[in-house]
Structures are given as C-alpha cells and as structure tokens.
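Residue numbers (our numbering): 329 to 640.
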C-alpha cells in the first residue's frame with residue numbers, strides 16, 4: 329500500500345542565536361505536506377511526493393532531501409518559479425511564520441495531478457498552504473474529488489491565517505475536502521480559525537454525524553484528542569526538552585499514516601472499526617515520534633529504532 333502526498337514544499341528559516349547574541353536564520357526543508365512525507369518515509373512507508381519544485385538551489389535542496397530519505401520523486405515537476413520561503417519566530421513557545429510566497433511553485437502547483445498517477449487502494453494526503461490560492465487549490469480539489477471513491481483521503485489544513493484573504497471561500501473549499509476525507513487532523517489553533525464557536529468535541533461530533541472517519545485535534549504540549557464514531561481518546565505527550573516545535577504535528581500525522589498502512593488499514597471502514605486498544609497503541613507510538621522531533625531544530629522526524637529506544 330502506497331502513500332501519495334501533495335502540497336507545498338518550502339524552506340523554513342529557523343532562528344538561532346549566534347556568538348554575538350544576534351539572531352541568525354538557518355534554512356531547513358519544510359512545508360506541512362513535505363514534512364508529513366518525510367515522517368512517513370522514515371517509518372518505512374512507501375511514499376510518493378507530488379509537487380512542483382523550483383529550479384533554484386532551494387528546489388535542488390528540497391528534492392535532494394526527499395531522495396536521501398527514500399521518497400519517490402518521479403511525480404515531481406520542476407519550474408523556473410521561485411521556492412516559497414518561510415521565516416520562523418517564536419512567541420510563548422509557539423512558532424509564527426512570515427511567508428514569501430508570491431507567484432511561487434506552491435501557488436502554481438501542478439503535481440502531475442492526473443487520476444491515473446495515483447494507484448487505487450492507496451492513501452492520498454493533502455495540505456496546506458497550497459489549498460489557499462488557485463491554481464494549486466483548484467487542482468488539488470479536483471484531484472481529491474476524482475479519487476474520493478478510490479483512495480483513502482487525509483487532510484491537515486495547517487491554517488496560516490495571514491495568507492488567507494478570503495476566509496469564506498477558503499472555508500467552503502476546506503469543508504468540501506473535509507467531506508471527502510477519511511482522516512482529518514488539525515490543531516486547536518486551526519479550529520479557532522475554522523470554527524471559533526465550537527468546542528473540539530462538538531466540532532468532531534458534527535463531522536462524525538456526516539460520515540465515518542477519524543478526527544485528530546492536537547493541542548501542543550497538552551497532547552491530542554482522537555475521535556471516531558465509537559471512540560474518544562485523549563493522549564498525553566511525553567515530556568522532553570523542547571528545542572522547537574516546527575513539524576511536530578506533521579510528524580504526528582506522517583507517523584499515523586505509516587502506522588495505518590503498515591498495519592494493513594486500507595479503507596474508511598477499517599479505520600472506523602479500529603478498537604480503542606489499537607487506537608491508543610497508535611497514538612502512543614505517534615506522539616513519541618512527535619516529541620522526539622521537538623528535541624531537534626526544524627522538522628527532523630525520528631526513525632523506528634529511535635522510538636523503540638525512547639520507549640525503553
């Protein structure tokens with residue numbers, strides 16, 4: 329079973345104090361879907377990335393990093409458009425981003441978005457800032473719509489409110505994708521933007537009333553909650569010395585997808601029928617992965633042996 333991922337790839341500039349006490353910015357490969365692909369591949373999941381990478385040296389770096397992590401890049405196109413850049417700062421331990429995204433590869437994403445390139449019976453994960461602006465957003469919605477009855481669709485909107493000019497249009501499109509998805513992952517911060525008047529459990533229950541699915545809502549150091557029609561699980565996060573939290577949610581998502589695929593969970597029904605024991609086992613494993621990522625700079629997900637070592 330294969331995992332296909334489409335969406336943005338960008339360069340995160342992560343702050344680091346130099347010897348003079350000044351803030352320097354270190355370039356790191358990033359972008360929510362890109363990070364999810366990295367996390368899943370390091371768990372041993374067969375992973376394809378569908379995207380548009382620049383011919384600039386940032387694009388070269390993004391491509392080389394995927395290839396060095398055994399991610400299949402045969403569905404990546406190259407163009408002369410610039411790579412999106414994101415500068416990271418922190419307030420109360422939470423990352424904030426300043427994006428340089430105008431006319432970039434991510435907005436003009438055309439990741440070989442043809443139905444016959446994605447194998448039936450596989451997983452398709454979509455996100456995040458590539459869902460904000462056409463033509464990328466239109467192409468991803470079209471792909472997901474065509475494949476909805478053939479693959480397991482998963483989504484993490486990973487909201488970047490400062491990039492969204494038309495909230496109502498964005499909400500219509502995100503809610504349409506939610507309707508197609510078997511797994512929806514979002515943070516409590518995302519939820520504040522999407523449904524500010526709804527508590528997490530009410531939001532999840534409303535979606536579950538529409539269709540069987542799995543919903544994961546993360547809350548930083550407070551852990552995460554998982555909802556299916558038959559189960560609700562609250563999972564704490566292991567205590568670690570946090571270096572930064574960039575890519576923590578993406579690591580969680582990528583590890584969840586790899587866990588499901590490696591355990592042969594290949595349909596919406598199978599996801600819905602997972603019992604509480606197996607869901608708790610999955611969340612325990614995947615939150616350890618996210619915690620390990622937080623001990624490092626930028627998104628740098630762990631390998632299975634690191635999770636085993638951490639668990640001892």
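Don't be surprised by glycine CBs; every beta carbon is placed ideally from N, CA and C.
| Query | Result |
| --- | --- |
| Mind the definition here: the stretch 622-637 touches the stretch 535-548 only if three or more C-beta pairs lie below 8 Å; say whether that holds. | no |
| Could you tell me whether the stretch 608-623 touches the stretch 576-585, using the rule of 3 or more Cβ pairs below 8 Å? | yes |
| Check whether the stretch 489-509 touches the stretch 365-382, taking contact to mean three or more Cβ pairs, one atom from each stretch, closer than 8 Å. | no |
| Which term fits residue 513, buried or exposed, when burial requires 16 or more other beta carbons within 10 angstroms of its beta carbon? | buried |
| Can we say the stretch 346-365 touches the stretch 384-404, given the rule of at least three CB pairs closer than 8 Å? | yes |
| Quick one, which of 520, 490 and 458 has its alpha-carbon nearest residue 483's? | 458 |
| Sorted by chain position, which residues of the same chain lie with C-beta nearer than 6 Å to residue 532's C-beta, five sequence neighbours on each side aside? | 543 and 555 |
| To the nearest angstrom, how far is the alpha carbon of residue 610 from that of residue 340? | 29 Å |
| In its own chain, which residues sit with a C-beta less than 7 Å from the C-beta of residue 432, not counting the 5 before and 5 after it? | 409, 410, 411 and 412 |
| Drop a sphere of 10 angstroms on the beta-carbon of residue 579, count the other beta-carbons inside from all chains shown, and report buried for 16 or more, exposed for fewer. | buried |
| On the criterion of 16 or more Cβ atoms from any shown chain inside 10 Å, does residue 485 qualify as buried, or is it exposed? | buried |
| Assuming residue 476 contacts residue 437 under a Cβ cut-off of 8 Å, what Cβ separation, rounded to an integer in Å, is found between them? | The pair is not a contact, with the Cβ atoms about 19 Å apart (cut-off 8 Å). |
| Which residue wins for smallest C-alpha separation from residue 564, given the options 502, 613 and 337? | 613 |
| Which residue's Cα is closest to the Cα of residue 415: 342, 547, 569 and 454? | 342 |
| Please report how far the alpha carbon of residue 468 lies from the alpha carbon of residue 348, in whole angstroms. | 45 Å |
| Would a C-beta distance cut-off of 9 Å place residue 451 and residue 607 closer than the cut-off? | no |
| Would you list the residues sitting across from residue 482 in a DSSP beta bridge? | 453 and 511 |
| Can you name the residues that DSSP bridges to residue 422? | 419 |
| When burial is assigned at 16 or more other CB atoms within 10 Å of the CB, is residue 370 buried or exposed? | buried |
| Hey, quick one: how far does the beta strand (DSSP E) through residue 338 stretch, first residue to last? | 338-345 |
| Roughly how many whole angstroms lie between the Cα atoms of residue 417 and residue 490? | 14 Å |
| Measuring straight from C-alpha to C-alpha, what distance separates residue 524 and residue 367? | 30 Å |
| How many whole angstroms separate the CB atoms of residue 335 and residue 454, which I take to be in contact at a CB cut-off of 8 Å? | 6 Å |
| Taking only three categories from DSSP, how would you classify residue 503? | helix |
| Could you give the C-beta distance for residue 573 and residue 423, rounded to a whole number, given that I count them as a contact under 8 Å? | 6 Å |
| Who are the Cβ neighbours of residue 351 in its own chain at under 8 Å, not counting the five residues just before and after it? | 343, 344 and 345 |
| Please go through the stretch 529-555 and give each complete beta strand (DSSP E) segment of 3 or more residues, from N-terminal end onward. | 542-546 and 552-555 |
| Reducing DSSP to helix, strand and coil, say where residue 413 ends up. | strand |
| In its own chain, which residues sit with a C-beta less than 7 Å from the C-beta of residue 462, not counting the 5 before and 5 after it? | none |
| Just to confirm, is the Cβ distance from residue 515 to residue 481 under 9 Å? | no |
| Just verifying my parser: in three-state terms, what is the DSSP assignment at residue 557? | coil |
| Does the beta-carbon of residue 575 have 16 or more other beta-carbons within 10 angstroms, so that it is buried, or is it exposed? | buried |
| Measure from the alpha carbon of residue 599 to the alpha carbon of each residue in 536, 566, 639 and 465, then state which is nearest. | 536 |
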